[in-house]
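Asks: Protein chains in written order, with the numbering used here: chain A, -12 to 213; chain B, 11 to 231. Virtual Cβ for every residue (Gly too), placed ideally from N, Cα, C. Computed from a prediction, not measured in an experiment: that's the story for all the values here.
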């Protein structure tokens, strides 16, 4: 364990460098997924018939193993970070669309009617009423998407060391240094827990009307998000 | 050079249909790993979720536990356990179970909590024992949600069980991992298609199970 932070030079990064790389490869896709999911979810809320087929397509996409997704993409985007980030964007999208749709749909009719009666147009009503009320559901979806994204980046190791902290797993095997595998697993898990806690903090900040410490409401939304 | 072309040439190649590397063998292996992992995860997640949900205690501890389990990287765990404990079934089963327990546990707990209190009170007033209330009143009402949790766990297991091939075991991941090292896209795409098809079949099985097991009175509400 004394060589825990002694990263082999073939990875061309320090421990902190790998962490930065890992966060970028994991979080940019979640952001991209969120940006794609918001309009798609709004479309599903508007056109009810669209939601079931969208759910079917997303379920099939989610069932594609990440490694297979990576390998197929190599043909188009090469052995690059982009090849890892595109599937992660798709997985995030799959988690986020139902979360946002359920969240926006859970806004009571009276609230919407009140907003309309106050003279809110559809856009303003969406941004100022529906989205804020849907924040807990959206954050719950973001938590699941982020944590799984952080975990999945490691698989990128298999397509030519594009796995950031996951690359340590490869070096652990070829140099027979188990402490590097420990480092990879523990650091990745710690990152996931930290980012998760950060998202909970964001939710508390964005929804000051909700009780902050209640794990029950949080997990209920999380359960529906999946 | 498109994906559909790979799919047709993979499935029309007779060599892929027999022998130890044939589709039936690999499919059976994949199903075995997946069912074992799902069974183990359900064995852990269901009782704990049912009991904590019934008494309504420990929700926060459960959430913490689920978050911690979800944070563990599946692939990293696999490689780590192989390095520490050697090859075998154990390095595959532990990550898969760790992956599947959080959705089962959290959904079961929430499903039990979402049961309306009035029928539970009525059952208690009629003198039913706590275990009877749990199994004969709350469980039937919570069943659709519980099955939903098991379903999402099953889909994740089936997609992730492909990693077994990385540590020398079989399953549909064999095609994906071998295809990667042999630069044989046809194999990779064929394997991925099989995994997705298996996931869809699993959805159908859960849909049928829900039709059969959920009482009609619960289904309507």
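Look at the Cβ atom of residue 168/A, then the Cβ atom of residue 137/A, and state whether they are nearer than 7 Å.
Replies: no
Asks: So what's residue 202/A in DSSP terms, helix, strand or just coil?
Replies: Note that residue 202/A scores 45 on pLDDT, short of 50, meaning its location in the model is unreliable; the coordinates nonetheless yield the value given after this. Here residue 202/A sits in helix by DSSP.
Asks: Check each residue of the region 84 to 95 of chain B: if its Cβ is closer than 7 Å to any Cβ of chain A, include it; give the result in chain order.
Replies: 84, 85, 86, 87, 89, 90, 93, 94
Asks: Mind pulling the chain A residues with CB within less than 9 Å of residue 77/B?
Replies: Contact note: residue 77/B reaches chain A through 130, 134, 179, 180, 183, 184, using a C-beta cutoff of 9 Å and chain order.
Asks: Give a yes or no on whether the minimum CB-CB distance between residue 70/A and chain D is below 7 Å.
Replies: Going by chain labels, chain D is absent from the structure shown, which instead holds the protein chains A and B.
Asks: Let me confirm a value: residue 215/A is counted as buried when at least 16 other C-beta atoms fall within 10 Å, else exposed. Which label applies?
Replies: No answer is possible for residue 215/A: it lies beyond the span of chain A, which begins at -12 and ends at 213.
Asks: Does residue 30/B come out as helix, strand or coil in the three-state DSSP assignment?
Replies: coil
Asks: I want to verify the contact list: residues of chain B whose CB lies under 9 Å from the CB of residue 93/A, in sequence order.
Replies: Here the premise fails: no neighbours, minimum Cβ distance about 14 Å.
Asks: Give the residues of chain B in contact with residue 153/A, contact being defined as C-beta atoms less than 8 Å apart.
Replies: 83, 85, 86
Asks: Cβ atoms of residue 71/B and residue 116/B: under 7 Å apart, would you say?
Replies: no
Asks: Using the three-state DSSP reduction, which class does residue 207/A fall into: helix, strand or coil?
Replies: Only weak support is given to the placement of residue 207/A: the predicted model assigns it a pLDDT of 44, under 50, and the value that follows is read from those uncertain coordinates. Helix at residue 207/A.
Asks: Let's test the definition: count the other Cβ atoms within 10 Å of the Cβ of residue 143/A and tell me whether it reaches 16, buried, or not, exposed.
Replies: Within a 10 Å sphere around the beta-carbon of residue 143/A sit 16 or more other beta-carbons, which makes this residue buried.
Asks: Just checking: is the beta-carbon of residue 15/A within a distance shorter than 7 Å of some beta-carbon in chain B?
Replies: Closer than 7 Å: no.
Asks: Hey, quick one: how far does the alpha helix (DSSP H) through residue 38/A stretch, first residue to last?
Replies: Here the alpha helix (DSSP H) through residue 38/A covers 38 to 50.
Asks: Starting from residue 125/B and walking both ways along the alpha helix (DSSP H), at which residues does that stretch end?
Replies: First-last for residue 125/B: undefined, no H or E at that position.
Asks: Does residue 115/A pass the burial test, meaning 16 or more other C-beta atoms within 10 Å, or should it be called exposed?
Replies: exposed
Asks: Compare the C-beta of residue 215/A with all C-beta atoms of chain B and state if any pair is closer than 7 Å.
Replies: No answer is possible for residue 215/A: the residues shown for chain A start at -12 and end at 213.
Asks: Is it true that the CB of residue 156/A sits closer than 7 Å to the CB of residue 89/B?
Replies: yes
Asks: What did DSSP end up calling residue 94/A once you bin it into helix, strand or coil?
Replies: coil
Asks: Less than 8 Å between the CB atoms is what I'm expecting for residue 163/B and residue 114/B, so what's the real figure, rounded?
Replies: 5 Å
Asks: Using the Cβ count rule (16 or more neighbours within 10 Å means buried), how would you classify residue 215/B?
Replies: exposed
Asks: Determine which residues of the region 163 to 194 of chain B have a Cβ less than 8 Å from any Cβ of chain A, and write them out in chain order.
Replies: 165, 168, 169, 170, 172, 173, 176, 183, 186, 187, 189, 190
Asks: When the Cβ atoms of the region -8 to 2 of chain A are set against those of the region 37 to 57 of chain A, are three or more pairs found closer than 8 Å?
Replies: Using a C-beta cut-off of 8 Å, the region -8 to 2 of chain A makes no contact with the region 37 to 57 of chain A, since fewer than three inter-stretch Cβ pairs fall below that distance.
Asks: When we look at the beta-carbon of residue 154/A and count the other beta-carbons within 10 Å, is it buried (16 or more) or exposed?
Replies: buried
Asks: Just verifying my parser: in three-state terms, what is the DSSP assignment at residue 231/B?
Replies: Note that residue 231/B has pLDDT 48, beneath the 50 cutoff, so the model's placement of it is unreliable and the number below is only indicative. If DSSP states are grouped into helix, strand and coil, residue 231/B belongs with coil.
Asks: Under 7 Å, do residue 2/B and residue 81/B count as touching if we go by C-beta distance?
Replies: Nothing can be reported for residue 2/B, as the shown portion of chain B is limited to 11 through 231.
Asks: Taking 7 Å as the CB-CB limit, is residue 206/B close to chain A?
Replies: So yes, residue 206/B belongs to the interface.
Asks: Indicate the three-state DSSP secondary structure (helix, strand or coil) for residue 118/B in the structure shown.
Replies: helix
Asks: Quick check on the DSSP output: what are the complete alpha helix (DSSP H) runs of length 4 or more inside the region 162 to 192 of chain A, in order along the chain?
Replies: The region 162 to 192 of chain A contains no whole alpha helix (DSSP H) run of 4 or more residues.
Asks: Spell out whether any CB of chain B is found under 7 Å from the CB atom of residue 141/A.
Replies: So, interface residue.
Asks: Let me know the beta strand (DSSP E) ranges lying completely inside the region 61 to 107 of chain B, each 3 residues or longer, listed in chain order.
Replies: none
Asks: Figure out for me which residue from 134/A, 151/A, 160/A, 43/A has the closest Cα to the Cα of residue 186/A.
Replies: 134/A
Asks: Measure the C-alpha to C-alpha separation of residue 14/B and residue 102/A and round it to an integer number of angstroms.
Replies: 49 Å
Asks: Do residue 182/B and residue 204/B have their CB atoms nearer than 7 Å?
Replies: yes
Asks: Check whether the region 78 to 97 of chain A and the region 11 to 23 of chain A are in contact - that is, three or more C-beta pairs closer than 8 Å.
Replies: Using a C-beta cut-off of 8 Å, the region 78 to 97 of chain A makes contact with the region 11 to 23 of chain A, since at least three inter-stretch Cβ pairs fall below that distance.
Asks: Leaving out the 5 sequence neighbours to the left and right, which residues in its chain are closer than 6 Å to residue 128/A when beta-carbon positions are compared?
Replies: 82, 83, 86, 212
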